[in-house]
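Read the sequence shown against the UniProt record's numbering and you will find it ends at 370, with the numbers running on by one and no gaps.
Cβ atoms here follow ideal geometry from the backbone N, Cα and C, with glycine treated the same way.
Remember, it's a predicted structure, so these values are computed and weren't measured experimentally.
The block underneath contains the structure these notes are about, expressed in structure tokens.
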Amino acid sequence: MVRHIAIIGGGIIGATAAFYLSYLQGNKDVQVTLFDDGHGQATKAASGIISPWLSKRRNKRWYALAKRGAELYPSLVKAAQLSDKAYRKTGTIVTRKAETDLLNLYHEALIKAEHTPAMGQVELLDSKTVQRRMPILTHAPAGVMVSGGARIDGADFVTELLKRAESNNVEVERERISVLPDGTIKSSSGVQKYDVVIVATGAWMRETLKPLGLDVKVRPQKGQLIDMTIHTAIKWDNMPVMMPESMSDIIPFNGGKLVVGATHENDEGFDLTPKAEARTELFNNAKAFIDTLSESQITGMRVGTRAYTDDFAPFFGSIPTMGSFLVGGGLGSSGLTTGPIIGYFLAQAALGNVTDDWNLYTKPISFYIS
Numbered sequence: 001m002v003r004h005i006a007i008i009g010g011g012i013i014g015a016t017a018a019f020y021l022s023y024l025q026g027n028k029d030v031q032v033t034l035f036d037d038g039h040g041q042a043t044k045a046a047s048g049i050i051s052p053w054l055s056k057r058r059n060k061r062w063y064a065l066a067k068r069g070a071e072l073y074p075s076l077v078k079a080a081q082l083s084d085k086a087y088r089k090t091g092t093i094v095t096r097k098a099e100t101d102l103l104n105l106y107h108e109a110l111i112k113a114e115h116t117p118a119m120g121q122v123e124l125l126d127s128k129t130v131q132r133r134m135p136i137l138t139h140a141p142a143g144v145m146v147s148g149g150a151r152i153d154g155a156d157f158v159t160e161l162l163k164r165a166e167s168n169n170v171e172v173e174r175e176r177i178s179v180l181p182d183g184t185i186k187s188s189s190g191v192q193k194y195d196v197v198i199v200a201t202g203a204w205m206r207e208t209l210k211p212l213g214l215d216v217k218v219r220p221q222k223g224q225l226i227d228m229t230i231h232t233a234i235k236w237d238n239m240p241v242m243m244p245e246s247m248s249d250i251i252p253f254n255g256g257k258l259v260v261g262a263t264h265e266n267d268e269g270f271d272l273t274p275k276a277e278a279r280t281e282l283f284n285n286a287k288a289f290i291d292t293l294s295e296s297q298i299t300g301m302r303v304g305t306r307a308y309t310d311d312f313a314p315f316f317g318s319i320p321t322m323g324s325f326l327v328g329g330g331l332g333s334s335g336l337t338t339g340p341i342i343g344y345f346l347a348q349a350a351l352g353n354v355t356d357d358w359n360l361y362t363k364p365i366s367f368y369i370s
């Protein structure tokens, strides 16, 4: 008997869950419909770096989840046949302002790399070597290079994943729906009950689940980044990405595209207006390393709304009072790293194939939803 599964939200969790539900063993036994209106979606406004291993964060559950997320990417990219426009392993250069901190980071990286194959090779680079690896830089800092790091374009990633899912018979409906108090879903085609509902609506999850009498402890955070185009003879294809300490990430893409970002604005609510102050801040952060930049090279700004929790940690699982509802959210600024593995876990759960101990990666759902 075919089971009907709804996914609410087409960001990185929802899109990954949709793909895996169309790909994993058992996919012939389910009919999947994904609903998304795309408004303010954090993923589509995001470009980022997949390189969690040298993060300053000390939350052990978060690190375990982010580590699994980074490890998932190569197999996901291969299975979904994603382009290198969406995802490319380029290596990551991580910097520290103080030399002693950089040396400590290097030794920490060496220790982690011994039991983390996904990190690849670890190198301590002086500023001249960094400049050779990233020739667009005019003021290169010293840094630690991790060859397993990658860059990702959120919009391309989600678009390609959903195309692959649709080709595998997932229905994608571009509309905003409502969850009714009895757990049914009201869409433009009527009211329907689903065997499983996956809710991945990011900063809007509180609104999504409110009709069920649930309070979701997430809050919005505004994120802005700038896109730049640099016309140069330099080859960009394999250029690493850079994570400067306390500064905006520097992310080169093919064809002379440079992404700088992103901001973390806690008091803007769901506002999606590009702000001149953010544009200036991001540009100045980039100019500190590339003094040849001019504001005329800025081709656009992207704005999205992230979801944050009180402990700054992602969460996922089933809602105890609504057994057919699975949720995943609270990704914050690490969503491009943690989102796909959460989508994978939720897809497995929807198919009845839970093999991982989720307590290793998230606190109980009751900590975030009551």
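- Nearest neighbour of L293 by Cα position, chosen from L137, V179, T184, L102, turns out to be L137.
- Pairing G328 with A200, the inter-Cα distance amounts to about 5 Å.
- Separation of I234 and P52 (C-alpha to C-alpha, rounded to the nearest whole angstrom) is 28 Å.
- DSSP places Y63 in the helix class (H, G or I) of the three-state scheme.
- Annotation: Y63 to D249 spans about 20 Å, alpha carbon to alpha carbon.
- Comparing alpha carbon positions, the residue from V2, F35, D29 closest to A15 is F35.
- When K193, A288, T355, K217 are compared, the shortest CA-CA separation from Q31 is found for K193.
- Separation of the CB atoms of P240 and M134 is rounded to 6 Å, and the pair is thereby assigned contact status at 8 Å.
- A check of alpha carbon separations from R58 across L351, S333, A313 identifies A313 as the nearest.
- Counting only runs of at least 3 residues, the region 169 to 198 fully encloses the following beta strand (DSSP E) elements, listed from N- to C-terminal order: 171 to 173, 185 to 187, 190 to 192.
- At least 8 Å separates the beta-carbon of A79 from that of D153.
- Here E295 is exposed: its Cβ has fewer than 16 other Cβ atoms, across all protein chains shown, within 10 Å.
- Within its own chain, the residues whose Cβ lies closer than 8 Å to the Cβ of G213, once the five positions on either side in sequence are excluded, are P181, listed in chain order.
- T100 sits in a helix when the DSSP states are folded into three classes.
- In this chain, the beta strand (DSSP E) harbouring I319 covers 315 to 319.
- Following the DSSP letters along the chain, one finds E160 inside the alpha helix (DSSP H) bounded by residues 154 to 167.
- Beyond the five residues adjoining it in sequence on each side, I251 comes within less than 6 Å, by CB distance, of S47, R151, V241, V259 in the same chain, given in chain order.
- Counting C-beta pairs with one atom in each stretch, the region 299 to 313 and the region 329 to 341 have three or more that are closer than 8 Å, which means they touch.
- Note on N359: under 16 other CB atoms within 10 angstroms of its CB, so exposed under the neighbour-count rule.
- V130 is not bridged by DSSP to any residue.
- With respect to W236, G261 sits apart: the two C-beta atoms are not nearer than 8 Å.
- Counting the other Cβ atoms within 10 Å of the Cβ of Q121 gives fewer than 16, which makes it exposed.
- Counting every other CB atom within 10 Å of its CB across the protein chains shown gives F315 a total of 16 or more, marking it as buried.
- Where M242 is concerned, the enclosing beta strand (DSSP E) starts and stops at 241 to 243.
- A45 has its alpha-carbon roughly 27 Å from the corresponding atom of I5.
- Secondary structure note for F283: it is in no beta strand (DSSP E), and the uninterrupted alpha helix (DSSP H) holding it is 276 to 287.
- Beta-bridge partners assigned by DSSP to V259: D227, I251.
- Rounded to the nearest whole angstrom, the CA to CA distance from P220 to T337 is 19 Å.
- Boundaries around Q31 are those of the beta strand (DSSP E), 30 to 35, since no alpha helix (DSSP H) includes it.
- The beta carbon of G352 lies closer than 8 Å to those of G26 in the same chain, with the five residues before and after it left out.
- Counting C-beta atoms within 10 angstroms of its own C-beta, Q224 has 16 or more neighbours from the protein chains shown and is therefore classed as buried.
- If you draw a straight line from the Cα of K210 to the Cα of W204, it is about 10 Å long.
- Note on S83: under 16 other CB atoms within 10 angstroms of its CB, so exposed under the neighbour-count rule.
- Around the CB of R174, fewer than 16 other CB atoms lie within 10 Å, so the residue is classed as exposed.
- Here N238 is exposed: its Cβ has fewer than 16 other Cβ atoms, across all protein chains shown, within 10 Å.
- In the DSSP secondary-structure assignment, G143 is bridged to L125.
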